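Everything on this sheet refers to the single structure shown next.
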Amino acid sequence: MCATCEKRRLQIEEKEMFFWNRKPNLSPLGVALGDLLTVLAPTTIKGRIKGNALIADHEHYTVTIEVVPPSVKESENGPIKAVVKVTTELPESAREMFRGRESSMTAALNVFTALGALYKDGESVQIGSRLTIYEVEDAWEGLHLPLLASTTICGAEAILGAVRRTLSEDEPKGGVSLWTEKDMAHMESYFSRLCLCSSGGLGFTAEFRLKDGPGSAMLGDNKTALFQLLANQPHPELGGGLFCLLQLPQQIREKDRLQKICLQLNAMEMAAHDLPPHFGAWCPGRAGTNIAYAMFLPNSLYSASGIAVNTGFWAFNRAQWANAMLASLGV
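In the working numbering, the protein residues as written are 7 to 337.
Okay, here's the thing in structure tokens:
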């Protein structure tokens, strides 16, 4: 081998050694994925950092927590630091359920949502969540990390496990919620300064105005959205927790169109934009002809800093965004 060739070979080997010995960036774009890796360590989930993502291997599927830059850094809420996307590719056996009927199946199964939504990404259906983090926020340890950890651990299993229970006719899990009447009363005292609301027992209800002028979602008009927290409705797979439901007033009588709009909204929620945290799913509402956003917080998130109050603010902002999106779609 000539001296020049040997020198080139050694240079290539040196570069390869540098690549393999290089330590992964545990805080891509300032988001401490290393903290999440530490949280997962005691579990059976095998986590590793790869580029700007944390790869979490479950027994039958893999969850990817990827940090990406925002589409537009500046926003009405201040500069956006980064966007975290949590996605899960469905096992092959589950994918077959959706082929050719993505709209109807996702609409039906997203009622089992806990911390993510079934949505269409290209030609495949995945489970996804999104967290937009702003530069002025200081909520990583108290709120963002617990949310991402719970989503990584049980977000996909909430939907997949609930589907398995339904198909096998197994009894749903019961369980008592850690949220109490005191928490509902606290929500009322907080939001009564901002909107019409009430609490009673293990429930809280608020009305968010969508248009100027008087109106009431309870009376069925299209000027307000209805938001509810219910601590007496356990998740079929996760058990006790807090069920959060935002119902929009717009009526869509055509079932197929309603399902397609839900699918479209869930895909739009995954964009790296200035949007409230997305840890739930759009699905048909309780009226059967309206659109709703459902989310379930397991008991493991009870101690997350101000999470119930935050769900209220997220719901208010989501209602305004969805109202504008539906108008653009001619609803």
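Don't be surprised by glycine CBs; every beta carbon is placed ideally from N, CA and C.
None of the values given here were measured: they were computed from a predicted structure.
Thinking A59 and I51 are a contact (beta carbons under 8 Å), I'd like their distance in whole angstroms, please.
About 15 Å separates the beta carbon of A59 from that of I51, a gap too long to meet the 8 Å contact definition.
Closest residue to G84 among A62, G53, L115, E143 (Cα-Cα distance)
Taking only the C-alpha atoms, the option nearest G84 is E143.
Quick check on this structure: which residue in A113, M193, S183, L96 has the alpha carbon closest to the alpha carbon of Y308?
Of the listed residues, the one whose Cα sits closest to Y308 is S183.
Quick one: using the 10 Å Cβ neighbour count with 16 as the cut-off for buried, is E80 buried or exposed?
Counting the other CB atoms within 10 Å of its CB gives E80 a total below 16, which places it among the exposed residues.
Which one of S156, N305, T138 has the shortest CA to CA distance from Q239?
Looking at the Cα atoms, N305 is the closest of the given residues.
Would you please state the rounded distance, in angstroms, between the beta carbons of A62 and T158? I believe it to be under 8 Å.
Rounded to whole angstroms, the Cβ separation of A62 and T158 is 5 Å, and the two are in contact under 8 Å.
Beta-carbon contacts of Y196 that lie in its chain and below 7 Å, excluding the five residues immediately before and after:
These residues qualify, in order along the chain: V315.
Under a three-way DSSP split, which group does M301 fall into?
For M301, the secondary structure class from DSSP, reduced to helix, strand or coil, is strand.
For Q265, three-class secondary structure by DSSP:
If DSSP states are grouped into helix, strand and coil, Q265 belongs with the helices.
Which of helix, strand or coil does DSSP assign to H192?
Helix.
Proximity of S135 and F285 at Cβ, strictly below 8 Å:
S135 places its beta carbon less than 8 Å from that of F285.
Thinking C-beta only, is L35 closer than 8 Å to V73?
Closer than 8 Å, so yes.
For a test of the three-state rule: what should DSSP assign to H150, helix, strand or coil?
The answer is helix: DSSP assigns H150 an H, G or I state.
Using only the alpha-carbon positions, how far apart do C203 and L137 sit?
Cα to Cα, the separation comes out at about 27 Å.
Give the straight-line distance between the Cα atoms of P290 and P30, rounded to the nearest whole angstrom.
If you take the alpha carbons of P290 and P30, they lie about 42 Å apart.
Name the two residues that bound the continuous alpha helix (DSSP H) containing A164.
Where A164 is concerned, the enclosing alpha helix (DSSP H) stretches over 162-174.
For P255, count neighbouring Cβ atoms within 10 angstroms of its own Cβ and tell me buried if that reaches 16, exposed if not.
With 16 or more Cβ atoms within 10 Å of its Cβ, P255 is classed as buried.
Do you know whose CA, among A293, E177, H66, A273, lies nearest Q257's CA?
Out of A293, E177, H66, A273, the CA that lies nearest to the CA of Q257 is found in A293.
Let me know if P282 comes out buried or exposed under the rule of 16 or more other beta-carbons within 10 Å of its beta-carbon.
The residue in question, P282, is buried, as its Cβ has 16 or more Cβ neighbours within 10 Å.
Nearest by alpha-carbon distance to L208: which of A277, L200, A191 is it?
When the alpha-carbon of L208 is set against those of A277, L200, A191, the nearest one is in A191.
For A164, I'd like the list of residues in its chain whose CB is within less than 6 Å of its CB, leaving aside the five on either flank, ordered along the chain.
These residues qualify, in order along the chain: A120, E243, L244.
Return the Cβ separation of L252 and A321 in integer angstroms, given the expectation that the two are a contact with Cβ distance under 8 Å.
Between L252 and A321 a beta carbon distance of about 4 Å is seen, short of the 8 Å cut, so the two are scored as contacting.
Boundaries (first-last residue) of the beta strand (DSSP E) holding G53:
In the DSSP assignment, G53 falls within the beta strand (DSSP E) that extends over 52-56.
On the premise that I133 lies in contact with A162, defined as a C-beta separation below 8 Å, what is that separation, rounded to the nearest angstrom?
Contact between A162 and I133 holds, with the beta-carbon distance rounding to 5 Å and staying under 8 Å.
Excluding five sequence neighbours on each side, which residues of the same chain lie with their C-beta closer than 6 Å to the C-beta of S311?
Around S311: G148, L149.
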